[in-house]
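Undergrad: The structure is given below, and queries will be raised subsequently.
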Ligand code: SF4
Ligand code: SF4
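In this note's numbering, the protein residues as written are 16 to 481.
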């Protein structure tokens, strides 16, 4: 893999627009990703209790709402599982299709793509932009460049604000933001995200992929000779005597082949459309984000020539050598299995999460009290967490501790939907004549009387005596 283009990216890269199936896929993913990111905070969702925003990360309330799923602070390990799932899925896809994540799904790619669309809309395509770059500053240039940067800043600002709307009520925050009444944290978040978006998508663009992104550094270790990558078919393109332009006497494929020339007509279109400014004909390079726009460009040229498509195409090194591409490799199967297991675990964990959580913690200072009538008293803090969206009522009892009675600080164990209660339980035990060292295991039993959960919960505990 060549690193030449990592060291020397083009100083003023003005990629040309291209039409084709991969460009259509990229545009489709861009529209979908933007629709999801910008619209989700505005979707309302009816709940018996809690906010009516479909997706909300409520930090002060320690609740994370995703449609009907309500996550509590103790469910944070789901996030860890989700990150692990995302990582192994990325590895799995990379071993199969190279850097498709970079080319189609990465935030940097999506936002740079949108910024370039704005630039093209205002300033025109590659040739017009190159001309504008070179021309001296006049009213036309000030207007076009000013409008481009104005729209970039607006999109960057809206990106920062949209991100912030996931952390509070979208309508309230937006109203506060534009009337100057928002918390300073909101303004700070929007300014930071707006600045970074504007700089990375508007100015740094491909430099982020080439110089800043760590993923491009270690992706090569996940590639092997069967990984599907965007490749130039050197044998077909160069022939025996190299590529040549389709000058008058070399327009016909048969004549070219007779003279040893390949199918590459050296139009340079594959280089002009490349968002990272590299020449795929020089082989796999670290700067290639596998967006496949060069495939669209070259397919268009092949169509015009009336030749077979695929001079630049998705294929593996083995495929280029005429060998069979092996999809099922040990590494791919391993990553695939890890992805599947992580997904199953996450779904199972969410589906089987308890809607009623109860803990009983013994108060340890003092561990026990000997009362004036000789009974031994232990105290416990019982915490009941009703995670359902319905009100509930419970009764609490003890089991397997004969000669003991329990006194509760609160007798009415009623909980609102999605709420928690702590209750002090004092257990007094009467020692039997001749009984010594009667430390005992016993259980609290919480029985639901009303509410969504009907199964009793048993909490093992321990009683201490002198
Ligand atoms: S070489 Fe082709 S696939 Fe790679 S970044 Fe450039 S246009 Fe995209
Ligand atoms: S687009 Fe195709 S024909 Fe044109 S230079 Fe690139 S590889 Fe050669």
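Note that CB positions come from ideal geometry on N, CA and C, so glycine has one too.
Note that the structure is a prediction, hence the values are computed from the model and not measured.
In the DSSP output, which residue or residues are listed as bridge partners for residue 79?
TA: Beta-bridge pairing links residue 79 to 72 and 86.
Undergrad: Who does residue 439 pair with in a DSSP beta bridge?
TA: DSSP output for residue 439 lists 396 as bridge partner(s).
Undergrad: Can you tell me whether residue 43 sits near ligand 1, meaning its C-beta is under 7 Å from at least one heavy atom of the ligand?
TA: No, Cβ of residue 43 sits at least 7 Å from all heavy atoms of ligand 1.
Undergrad: By Cβ distance below 6 Å, which residues in the same chain neighbour residue 279 in space, the five residues on each side in sequence not counted?
TA: Excluding residues within five positions, the ones whose Cβ falls inside 6 Å are 252 and 258.
Undergrad: Among the candidates 422, 384 and 297, whose CA atom is the shortest distance from the CA of residue 392?
TA: Comparing Cα positions, the closest option is 384.
Undergrad: Taking DSSP as the reference, what is the three-state secondary structure of residue 62?
TA: Residue state, collapsed to three classes: coil.
Undergrad: State the DSSP-derived secondary structure class of residue 29, mapped to helix, strand or coil.
TA: Coil.
Undergrad: Under 8 Å Cβ to Cβ from residue 181, same chain only, skipping five residues before and after it: list those, please.
TA: Once the five neighbours on either side are set aside, the close Cβ partners of residue 181 are 55, 56, 70, 71 and 72.
Undergrad: Grab me the residues of residue 473's own chain with a C-beta within less than 7 Å of its C-beta, minus the 5 sequence neighbours each way, in chain order.
TA: Once the five neighbours on either side are set aside, the close Cβ partners of residue 473 are 458 and 460.
Undergrad: Only counting the same chain, and skipping five residues up and downstream in sequence, which positions put a Cβ closer than 6 Å to that of residue 14?
TA: Because residue 14 is not part of the residues shown, which for the chain are 16 to 481, the question remains open.
Undergrad: Is residue 394 buried or exposed, if buried means 16 or more other CB atoms sit within 10 Å of its CB?
TA: Under this definition residue 394 is a buried residue.
Undergrad: Quick test of your reading: residue 326 and residue 248, contact by CB under 8 Å. State the CB separation rounded to the nearest angstrom.
TA: Yes, residue 326 and residue 248 are in contact; Cβ-Cβ is about 6 Å, under 8 Å.
Undergrad: Measure the CB-CB distance between residue 306 and residue 295 and report whether it falls below 8 Å.
TA: Cβ atoms of residue 306 and residue 295: not closer than 8 Å.
Undergrad: Does the Cβ of residue 312 lie closer than 7 Å to at least one heavy atom of ligand 2?
TA: For ligand 2, at least one heavy atom lies less than 7 Å from the Cβ of residue 312.
Undergrad: Along the beta strand (DSSP E) that carries residue 460, what are the first and last residues, could you check?
TA: Residues 455 to 465.
Undergrad: Is it buried or exposed for residue 478, if we count other Cβ within 10 angstroms and need 16 for buried?
TA: The residue in question, residue 478, is buried, as its Cβ has 16 or more Cβ neighbours within 10 Å.
Undergrad: Should the segment 372 to 390 be called in touch with the segment 36 to 47, which here means at least 3 C-beta pairs below 8 Å?
TA: Flag = no, the segment 372 to 390 and the segment 36 to 47 do not touch.
Undergrad: Along the chain, where does the beta strand (DSSP E) containing residue 38 start, and where does it finish?
TA: Residue 38 -> not in any beta strand (DSSP E); alpha helix (DSSP H) instead, spanning 36 to 54.
Undergrad: Could you say if the segment 396 to 407 and the segment 437 to 456 meet the contact criterion of at least three C-beta pairs nearer than 8 Å?
TA: The segment 396 to 407 is in contact with the segment 437 to 456.
Undergrad: List the DSSP bridge partners of residue 421.
TA: BP columns for residue 421 point to 442.
Undergrad: Looking only at its own chain, which residues have a Cβ that is under 7 Å from the Cβ of residue 221, when we skip the five neighbours before and after it?
TA: Taken in chain order, the residues that qualify are 24, 28, 290, 291 and 292.
Undergrad: Which residue or residues does DSSP assign as beta-bridge partners of residue 430?
TA: In DSSP, residue 430 forms a bridge with 407.
Undergrad: Relative to ligand 1, is the shortest distance from any of its heavy atoms to the C-beta of residue 101 smaller than 7 Å?
TA: The answer is no for residue 101.
Undergrad: Whose C-alpha, out of 464, 287, 331 and 298, is nearest the C-alpha of residue 340?
TA: It is 331 whose Cα lies nearest to the Cα of residue 340.
Undergrad: Checking 8 Å against the spacing of the C-beta atoms, do residue 354 and residue 100 come in under that value?
TA: Yes; because the gap between Cβ atoms is below 8 Å, this pair is in contact.
Undergrad: Helix, strand or coil for residue 188, going by three-state DSSP, please let me know.
TA: The answer is helix: DSSP assigns residue 188 an H, G or I state.
Undergrad: Between the alpha carbons of residue 17 and residue 129, how many angstroms are there, rounded?
TA: Confidence is the limiting factor: at residue 17 the pLDDT is only 42, short of 50, which leaves the residue's position unreliable and the question unanswerable from this model.
Undergrad: Could you tell me the alpha carbon to alpha carbon distance between residue 175 and residue 203, rounded to whole angstroms?
TA: About 10 Å.
Undergrad: So, using beta-carbon positions, are residue 92 and residue 350 closer together than 8 Å?
TA: No.
Undergrad: The alpha helix (DSSP H) spanning residue 6 covers which residue range?
TA: No information on residue 6 is available, as it lies outside the stretch 16 to 481 that the chain covers here.
Undergrad: Who are the Cβ neighbours of residue 156 in its own chain at under 8 Å, not counting the five residues just before and after it?
TA: Here the set comprises 147 and 150.
Undergrad: If you reduce the DSSP assignment to three classes, tell me which class residue 118 lands in.
TA: Residue state, collapsed to three classes: helix.
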